[in-house]
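Engineer: Residue numbering for the sequence shown is 7 to 297, as defined by our numbering.
All residues carry an ideal CB built from backbone N, CA and C; glycine is no exception.
On a predicted model such as this, the values are computed, not experimentally measured, just so you know.
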Amino acid sequence: MGKVKAAILGSGNIGTDLMYKLQNSEVIELTAVIGIDEHSDGLKRARDKGYQTFFNGIQAIVDQPDLADIVFDATSAKAHLHHAKVLKELGKRVVDLTPAAVGPFFSPAVGTEIGDEPADNVNMITCGGQATIPMVHAVNAVADVSYAEIVATISSKSAGPGTRANIDEFTITTRRGIEEVGGADKGKALIILNPAEPPILMRNTVYCEVKNMDEQAVHDSINDMVKKVQEYVPGYRLKQEPLIDGNIVTIFLEVEGAGDYFPPYAGNLDIMTAAAARVGEDIARSMTVVS
Numbered sequence: 007m008g009k010v011k012a013a014i015l016g017s018g019n020i021g022t023d024l025m026y027k028l029q030n031s032e033v034i035e036l037t038a039v040i041g042i043d044e045h046s047d048g049l050k051r052a053r054d055k056g057y058q059t060f061f062n063g064i065q066a067i068v069d070q071p072d073l074a075d076i077v078f079d080a081t082s083a084k085a086h087l088h089h090a091k092v093l094k095e096l097g098k099r100v101v102d103l104t105p106a107a108v109g110p111f112f113s114p115a116v117g118t119e120i121g122d123e124p125a126d127n128v129n130m131i132t133c134g135g136q137a138t139i140p141m142v143h144a145v146n147a148v149a150d151v152s153y154a155e156i157v158a159t160i161s162s163k164s165a166g167p168g169t170r171a172n173i174d175e176f177t178i179t180t181r182r183g184i185e186e187v188g189g190a191d192k193g194k195a196l197i198i199l200n201p202a203e204p205p206i207l208m209r210n211t212v213y214c215e216v217k218n219m220d221e222q223a224v225h226d227s228i229n230d231m232v233k234k235v236q237e238y239v240p241g242y243r244l245k246q247e248p249l250i251d252g253n254i255v256t257i258f259l260e261v262e263g264a265g266d267y268f269p270p271y272a273g274n275l276d277i278m279t280a281a282a283a284r285v286g287e288d289i290a291r292s293m294t295v296v297s
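Shown next as structure tokens:
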């Protein structure tokens, strides 16, 4: 099976870590890393690894559409609104790592198969969404979640300019993901930037009110889902056994990054790139089957 060509749009922290995630892929051939700052660390590292690099943004793909069949957008929500239109016109498959939410939401642990005809633009929700929505989905599958609330706490050091500029989009997009992918009737999302030194690992609290409590089924479903996420994020784990009180389930999670480019405490960033790489590979497989 031949590899499918892909490019990364955005040479910041997310794009750079994604480069490391994709470099050994069995189904994706990373061809280019594209940014807007010629001297960015991401583009320098990409050049050192032998990838083509460009610093004229989306125009690089417009000028050379054969660069890639799949484009990973690791820029910003605002930028992606423009990029999505351009890439659609070019017929590219897109994995969107911004909170723009142009395409359908996707969590690889919840939907393990992308399908034979994937959407042309798949949205990776948010870091908090990738960490917590699988838990909401796991509880909802056996107990019917009427309300779910998540709190994502991340190290302030792991929140770059993109994260800080998209706080509003984070809360809105994550809430939608809790409902549309997690299955909760109603959702709410919060994010906390913790300035502690040394930096803390990403921690998440998931609070679910359910209609049909079955404690053993809830425990089993949660533990099964943790194993699914660990297939692509080995540092994903429960901090303690879920707490069940009446019709309320509370789950405490911790995410440690793989340390490819980010420090291990930046699990919030690592889970996004790991999930995006997994989804991109699923799309690549579907494209090779179709072709």
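#1: Quick check: the region 276 to 293 against the region 174 to 192, are there 3 or more CB pairs under 8 Å?
#2: Determine whether the beta carbon atoms of I206 and M141 lie at a separation below 8 Å.
#3: Could you say which of R209, V108, L103 lies nearest to G16 if we only look at CA atoms?
#4: Is it the case that the region 159 to 166 contacts the region 84 to 103, given that we only count it when at least three CB pairs across the two stretches are under 8 Å?
#5: If we ignore side chains and look at the alpha-carbon of each, how far apart do T59 and I40 end up?
#6: Is D122 helix, strand or coil when you go by DSSP?
#7: Using the Cβ count rule (16 or more neighbours within 10 Å means buried), how would you classify Q222?
#8: Is it the case that the Cβ atoms of A137 and N210 are separated by a distance below 8 Å?
#9: When DSSP builds the beta bridges, which residues end up paired with Q58?
#10: With a CB to CB cut of under 6 Å and the five nearest residues on each side skipped, what residues in its chain are close to D122?
#11: Taking just the CA atoms, how far does A144 sit from G189?
#12: My guess is that A125 and P110 are in contact by the Cβ rule of under 8 Å, so how many angstroms apart are they, rounded?
#13: With distances taken between CB atoms, is the gap from A13 to I67 smaller than 8 Å?
#14: What separation, rounded to the nearest whole angstrom, lies between the Cα atoms of I20 and A80?
#15: Sort out for me which residues DSSP pairs K11 with in a bridge.
#16: Which same chain residues end up closer than 6 Å to K234 when comparing Cβ atoms and leaving out the 5 residues on each side of it in sequence?
#17: Near L196, which residues of its chain fall below 8 Å by C-beta distance, leaving aside the five closest residues on each side in sequence?
#18: What separation, rounded to the nearest whole angstrom, lies between the Cα atoms of I198 and G8?
#19: Apart from the five residues just before and just after T37, which ones in its own chain have a Cβ nearer than 8 Å to its Cβ?
#20: Using a Cβ-Cβ cutoff of less than 8 Å, which residues in the same chain neighbour D230 once the five nearest sequence positions on both sides are dropped?
#21: Tell me whether K98 is buried or exposed, calling it buried when 16 or more other Cβ atoms sit within 10 Å of its Cβ.
#22: Suppose you measure from the CA of F261 to the CA of E247; what does that come to, to the nearest Å?
#23: In terms of DSSP beta bridges, what is S161 paired with?
Structural biologist: Taking the structure as given:
#1: no
#2: No; because the gap between Cβ atoms is not below 8 Å, this pair is not in contact.
#3: By alpha-carbon distance to G16, the top candidate from R209, V108, L103 is L103.
#4: no
#5: 6 Å
#6: Note on D122: pLDDT 49, under 50, position unreliable in the model; the coordinate value appears next. In the structure shown, D122 sits in coil (DSSP, three-state: anything other than H, G, I, E or B).
#7: Around the C-beta of Q222, fewer than 16 other C-beta atoms lie within 10 Å, and the residue is accordingly described as exposed.
#8: At the C-beta level, A137 and N210 come within 8 Å of one another.
#9: A38
#10: Residue placement at D122 cannot be trusted, given a pLDDT of 49 that sits under 50; what the coordinates show is reported in the next sentence. Only S292 meet the Cβ criterion.
#11: Between the alpha carbons of G189 and A144 lies a distance of about 9 Å.
#12: 5 Å
#13: yes
#14: 6 Å
#15: Answer by DSSP bridge pairing, in chain order: E35.
#16: Setting aside the 5 residues that flank it on each side, K234 is surrounded in the same chain by A115, each with a C-beta closer than 6 Å to its C-beta; the list follows chain order.
#17: E155, I156, V157, A158, T177
#18: So the alpha carbons of these two residues sit roughly 43 Å apart.
#19: K11, A12, A13, Y57, Q58, L73, A74
#20: A144
#21: buried
#22: Looking at the sequence provided, one finds Val at residue 261 rather than Phe. If I take the Cα positions, the gap works out to 15 Å.
#23: N200
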